[in-house]
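Numbering (this note's numbering), first residue to last: 333 to 560.
Some notes on the structure that comes next.
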Amino acid sequence: MSTDLEALARTVRVAARALGRAGLVHAYGHCSARIDAASFLVAPSRPLGLVQPGQACSVVPLDGPLPEGVLPEVRIHREIYRRRPDVGGVARVQAPKTMSLSVLGLTPVARHGFGAYFHPRPPLWDEPLLLRSDPQARQLAEQLGQARAIVMRGNGAVTAGESLQAAVVLAWYLEDAARVELDCLAAGPHTLPTCFTDEQSAVRATWNGRLLERMWDYLTAGDPETSG
């Protein structure tokens, strides 16, 4: 394995464990990082929080069948990478607040800073069954469009970032936006239906000021494969 690919595999493993520590995945979930225009690297097919330092990741081609041993839902990643050359990382999560909101047929509105990254709100994949076919994966990727996340009713969510680090941070932001939305729903008529405007979201949804790096550092602190 080349030095660059080894470094990318380390990032995938660190991201996997970060999602596990943050409670954004449990036994189910996966994450990946783009290698180049023709392939991507996906985390080992096991609970992400249990991925071991140095454990091998799998190279998945954008064309052709999934390699043996790769989880069936990884076809979602493949379809997103095919359609979105701007995407460098994908996270498939089972975040609890996002899940609770999704079974109501809802996704979080951009009511606070983290929600602004998904303005006006993430699309909802309104199908609660497991996604195990290429046609389903294509439809989901098409519905995602240019959004940063798509919520799957009763089945978690998928985030797409310019890097895997961004996809992981966006998964945390999405869960926090779902938390705020559920709190607002619980408050009912006592809560004003305030949300960010288009202009406010465009300004707020920024990575300036090391917002991405600081959250990544927070989520990966203490990981055995982080450096520095």
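Each residue gets a CB set at the ideal place from its N, CA and C atoms; glycine is no exception.
Owing to the predicted nature of the structure, the values given are computational and were not obtained by experimental measurement.
- When DSSP reads this structure, TRP457 sits in a beta bridge with MET484.
- For THR491, the uninterrupted beta strand (DSSP E) segment begins and ends at 489-493.
- Taking the Cα of ALA448 as reference, the smallest distance to any Cα among ALA481, GLN387, ASP395 is reached at ALA481.
- Contact between the stretch 442-456 and the stretch 400-409 is not established, with fewer than three Cβ pairs separated by less than 8 Å.
- The beta-carbon separation of TRP504 and LEU356, rounded to 7 Å, stays under the 8 Å limit for a contact.
- Boundaries of the beta strand (DSSP E) harbouring HIS362: 362-368, taken from the DSSP string.
- Beta-carbon to beta-carbon, SER364 and VAL425 are separated by about 13 Å, too far to satisfy the 8 Å threshold.
- Relative to ARG366, the option among PRO460, ALA499, ALA509 whose CA is nearest is ALA499.
- In the structure shown, the three-state DSSP call for LEU373 is strand.
- Contact between the stretch 547-558 and the stretch 456-465 is absent, with fewer than three C-beta pairs closer than 8 Å.
- In the assembly as shown, GLY493 is a buried residue. Its beta-carbon has 16 or more other beta-carbons within 10 Å.
- Under the criterion of beta carbons closer than 8 Å, THR343 and LEU496 qualify as touching, at roughly 6 Å.
- In this structure, the beta-carbon distance from SER371 to VAL346 does not fall below 8 Å.
- Separation of SER334 and THR529 (C-alpha to C-alpha, rounded to the nearest whole angstrom) is 46 Å.
- Closest in alpha carbon position to ALA341, among ASP515, LEU373, LEU551, GLN475, is LEU373.
- Residue pairing by DSSP places PRO393 opposite SER371 in a beta bridge.
- ARG470 sits close to GLU411, with the two beta carbons spaced by under 8 Å.
- Straight through space, the alpha carbons of ALA518 and LEU394 are spaced by roughly 43 Å.
- As far as DSSP is concerned, GLY420 takes part in no beta bridge.
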